[in-house]
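Just below is one structure, and these are the notes that go with it.
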Amino acid sequence: MPVRKIKKSYISCVGYFKSYKNNKQLAFESILERDFFTLLEFDRNVVEYEEQPLKLKYMLKAKNTRYTPDVLVIYKDYSKKIFEVKYQSDIDSDPELQHKISILKEEIARQMSIPFDTFTDTQIDKIYFRNCVFLYKNAFIPKNDVITSKVLDGLNDLSASISIKSFLELLSKNQTEQLRILPYLWHEIFKNTSLVDMQQPLTMSTPIQIRGHSE
């Protein structure tokens, strides 16, 4: 549970992000935090993550100060990392914030033996991120074992790269049926992004890559 309750604000963008990986809602305080959550959903090295995970006391300008990190990320190798999520322009224009980040990096390592890092908007690849946002819309589709089995069997039977459109035509000649199948194909790609090239915009012409059979 987050240690600090996020309050509604008319200045910043606050809300809740439905996390597939964590199987719960996570609160965010900015669009950038929401975007970071989205990217964490697609990071295969990330097992889980938590917003507002803990409180830390430290000295800043000779004063006792409390700090609540934005995100704690836990990785497959059991390592952890704390992230402060900030726009790069805010960091660049604020020497006090730069100093605070520098102090926090030292204090978190000293007190908790956990690395501290910042996540900024400059770290977002636009094409990759747009693909993530698109695929995440298919993360929570209704369960349908029949269609899912058809998609998985079709993927496993592929012997050469084929476009999304052509793959649907292999599964059904009926366009209405193809439209029913499509979200379940995107869902499998969401779960296993190695099926496609995430560095290129996803379209109906996107090739399905054989090297990334569904897990």
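Taking the numbering used here, the leading residue of the sequence shown gets 7, the next gets one more, and so forth. We put the CB at the ideal spot given by N, CA and C, even for glycine.
Problem - Whole-angstrom C-beta distance between TYR142 and MET204, which should lie under 8 Å - result: Not a contact, Cβ separation roughly 12 Å.
Practice task
Report the option in SER36, VAL53, CYS19 whose CA atom is closest to the CA atom of SER25.
Solution key: Comparing Cα-Cα distances from SER25 to each of SER36, VAL53, CYS19, the minimum goes to VAL53.
Handout entry: Residue of CYS138, MET65, ILE168, LYS82 minimising C-alpha distance to ASP41
Key = CYS138
Handout entry: Candidates ASN180, SER178, LYS197, ILE168: closest to PRO213 by CA position
Key = ILE168
Problem - Residue range of the unbroken alpha helix (DSSP H) whose run includes LYS171 - result: Element bounds for LYS171: 170-177.
Exercise for the section: May I ask you to list the residues that DSSP assigns as paired with LYS106? Expected result: None, per the DSSP bridge assignment.
Exercise for the section: Look up SER25 in the DSSP assignment and say whether it is helix, strand or coil. Expected result: strand
Handout entry: Cβ-based burial, ILE216 [other Cβ within 10 Å; buried from 16]
Key = With fewer than 16 Cβ atoms within 10 Å of its Cβ, ILE216 is classed as exposed.
Practice task
Drop a sphere of 10 angstroms on the beta-carbon of HIS105, count the other beta-carbons inside from all chains shown, and report buried for 16 or more, exposed for fewer.
Solution key: exposed
Handout entry: Per-residue DSSP class, three states only, for ARG50
Key = coil
Exercise for the section: Name the two residues that bound the continuous beta strand (DSSP E) containing THR71. Expected result: 69-73
Practice task
Buried or exposed for GLU102, please, with buried defined as at least 16 other CB atoms from any protein chain shown within 10 angstroms of its CB.
Solution key: exposed
Practice task
Report the option in GLU90, ILE37, ASN144 whose CA atom is closest to the CA atom of CYS19.
Solution key: ILE37
Practice task
Tell me where the beta strand (DSSP E) around PHE89 begins and ends.
Solution key: Element bounds for PHE89: 86-91.
Handout entry: Bounding residues of the alpha helix (DSSP H) (the contiguous stretch that carries LEU78)
Key = The continuous stretches of alpha helix (DSSP H) do not include LEU78, which lies in the beta strand (DSSP E) extending over residues 77-81.
Exercise for the section: Whole angstroms is fine: what's the gap from GLN117's alpha carbon to ARG50's? Expected result: 28 Å
Handout entry: Nearest-angstrom beta carbon gap, ASP127 and GLN181 [assumed within contact, 8 Å]
Key = About 40 Å; that fails the 8 Å criterion.
Problem - CA nearest to the CA of LEU158, picked from PHE140, LEU177, THR44, GLN58 - result: LEU177
Practice task
Check whether the Cβ atoms of VAL91 and TYR55 sit closer than 8 Å, and answer yes or no.
Solution key: no
Handout entry: Cα-Cα separation between TYR64 and GLU47, rounded to whole angstroms
Key = 31 Å
Exercise for the section: Output the distance between the C-alpha atoms of THR209 and ASN28, rounded to the nearest integer angstrom. Expected result: 28 Å
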